[in-house]
Structure formats: C-alpha cells, structure tokens
Amino acid sequence: MKIKAEDIDLLNKILAAEIGITISADKGSMLDLRLSKRINELNLKTIKQYVSYIENTAEEKNILFNLLTTNYTKFFREKFHFQLLFRSIIPEIRENKNKVRIWSAGCSTGEEPYTIAMLLAYRDLKFEILATDINGEVLNIARRGIYNENKINRIDSKYVYKYFQKGVGKYSGYYKIKNLIRDKVTFKKLNLNSSFSQKNSEKFDIIFCRNVLIYFKEINKKRVIKEFYRALNDSGYLVLGHSESIDLTDHKNHSWRKIGSNSYQKIGG
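Using UniProt numbering, the first residue of the sequence shown is number 1, and each one after it goes up by one.
Structure (structure tokens):
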C-alpha cells in the first residue's frame with residue numbers, strides 16, 4: 001500500500017484534533033510501514049477506509065496513536081540537562097522544601113523518569129515522580145521496568161550495581177529496575193492535548209517534556225506550554241528537548257525566563 005499526500009491529510013485531521021500532533025508529508029514510507037499490517041488485519045484496502053473505521057470505533061483511535069507515536073528514548077539522554085538540574089535547579093528548590101515533585105511528560109518506556117529517580121536517590125534526596133504518556137503499550141513496559149542489556153551497557157556501573165537486578169534463566173540478557181526506584185515513579189496515561197491542568201490539582205517543581213513538542217502543531221505546542229505553566233509551582237522549572245524552545249520574543253511568553261539549554265523558570269504565579 002502506497003501512502004499518498006491526501007492520505008496523510010486525512011490522518012492528520014484525526015491526530016491534530018485528538019492528540020495535537022501531525023505527520024509531515026515526507027513520512028509516507030514510515031506510515032506505510034507502521035499502518036499496513038493493521039489495515040490488512042482489519043481486511044481494509046485504503047487509508048480512507050481505515051479513517052472511516054477509526055471514526056466509528058473509539059478503541060481504534062488508541063491503537064492508531066500507539067502505532068504512530070515515536071518512542072525513542074534512552075537512559076541518561078541529553079546529560080547536560082541533568083548537570084543543570086543538580087548545579088542550579090535542585091539546590092534552589094531545596095532552599096524552601098525538602099521534597100521535590102517532578103513530572104516526566106511523554107515518558108515513553110520509562111528511561112527518563114527512572115534516570116531522574118536514580119540521580120536523586122543516589123544523592124539521598126526526597127522526591128516524587130509522575131510519568132505520563134498517551135501510549136498505553138509503552139507505559140506497560142515502563143511499569144515492568146525490565147530492559148535489554150543493550151540499554152544498560154552505557155549506564156555508569158555505580159547506578160547499575162545499586163539500582164538494577166540482573167536477570168537469570170529466561171531473563172538472561174535483561175535487567176530489572178529495583179523496587180526502591182520503581183516505587184518512586186507513578187505511571188499514568190495522559191493526553192497532553194487535553195486541559196490536564198484543570199483536571200488535576202497536583203503541582204510540580206520541575207516538568208521534563210523533552211523531544212515531545214517537536215511533533216505538535218505550533219498552536220497546540222503553545223497551549224501545552226500554558227498548561228505546563230499552570231501545573232508548576234511558583235518559580236517552577238520546565239525542561240524541553242535539545243531542539244525545542246519557548247519563543248521569549250512573543251509577548252504572550254513573558255511569564256518564563258531562560259535559565260540554560262532549553263530550560264525555563266516560571267515567573268509569577
């Protein structure tokens with residue numbers, strides 16, 4: 001099945017309305033790879049037929065989102081953010097409180113929140129972490145906390161020794177996050193394209209949302225950033241991915257100040 005431009009347009013109408021993202025026109029081969037099997041399973045022939053099926057089958061929307069959301073991640077990704085975290089952000093927060101509340105938004109298979117948890121636990125800091133994603137399948141992987149040794153090889157041995165259990169028998173070649181870390185992270189399904197700050201009274205000191213907003217339409221990206229602002233405690237911090245930023249020249253974004261690479265502090269309350 002060859003994906004055409006008009007097929008991408010049909011899919012984007014659903015994706016933009018439901019979860020805020022769009023697929024660029026040059027991703028036809030990726031869509032073909034990810035959707036062909038599912039369309040064949042349903043005995044459908046075209047994207048148009050599949051879109052019609054989605055519109056009449058609520059659960060199929062979740063299947064589509066799981067198929068199309070990008071889940072690349074790794075432990076200790078973009079280390080410069082963690083250097084900033086412990087050089088500047090954590091010391092400032094701990095001047096006023098002894099427990100840090102962190103949200104990992106778009107957590108995928110869990111490597112980011114577990115990385116943050118290990119770094120905080122190693123320093124004997126008190127913390128709580130909420131980790132969310134729209135993809136239920138990757139959340140199940142994150143909750144299990146079991147990873148192929150290829151994902152573990154580049155982690156500093158002091159963290160592997162202290163926070164991972166090496167698998168044996170049928171789990172040979174795998175490592176499991178120990179409960180003292182796993183129990184510190186709460187995983188929940190969440191659509192960032194919803195008004196989540198109005199539905200949840202929880203406030204956070206730091207929000208990590210890295211390499212997620214690059215897939216959002218600009219209007220949806222701005223709305224999500226406003227939601228993050230509401231979800232942060234006064235003077236809280238937002239950490240974005242290496243290719244993401246807040247346009248501080250936009251007068252509507254004057255409620256943030258940049259503190260480092262792709263990292264911002266909330267101004268006001």
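Cβ atoms here follow ideal geometry from the backbone N, Cα and C, with glycine treated the same way. Small disclaimer: the values here were computed from a predicted structure and weren't measured.
Indicate whether glycine 110 and isoleucine 134 have their beta-carbon atoms separated by less than 8 Å. no
Do phenylalanine 204 and serine 104 have their C-beta atoms within less than 8 Å of each other? no
What would DSSP say about lysine 126, mapped onto helix, strand or coil? In the three-state reduction of the DSSP assignment, lysine 126 falls in the strand class.
Every unbroken beta strand (DSSP E) within the stretch 71 to 150, with a cutoff of 3 residues, ordered by chain: 99 to 105, 126 to 133, 146 to 148
Alpha helix (DSSP H) segment containing asparagine 211, residue limits: No alpha helix (DSSP H) holds asparagine 211; DSSP gives it neither H nor E.
Taking all protein chains shown into account, decide if alanine 58 is buried (16 or more other Cβ within 10 angstroms of its Cβ) or exposed. Burial is judged here by how many other beta carbons sit within 10 angstroms of a residue's own beta carbon; alanine 58 has fewer than 16 and is exposed.
Closest by CA to arginine 230, which one among Ile177, Arg87, Lys266, Thr115? Lys266
At the level of alpha carbons, what is the spacing between cysteine 107 and threonine 132? 6 Å
What whole-angstrom Cβ distance do serine 263 and leucine 84 have, given they're in contact under 8 Å? 6 Å
Would DSSP call aspartate 250 helix, strand or coil? In the structure shown, aspartate 250 sits in coil (DSSP, three-state: anything other than H, G, I, E or B).
By how many angstroms is the C-alpha of leucine 232 removed from the C-alpha of arginine 257? 14 Å
Roughly how many angstroms lie between the CA atoms of residue 271 and isoleucine 47, to the nearest whole one? Since the first residue of the chain shown is 1 and the last is 269, residue 271 is not available in this structure.
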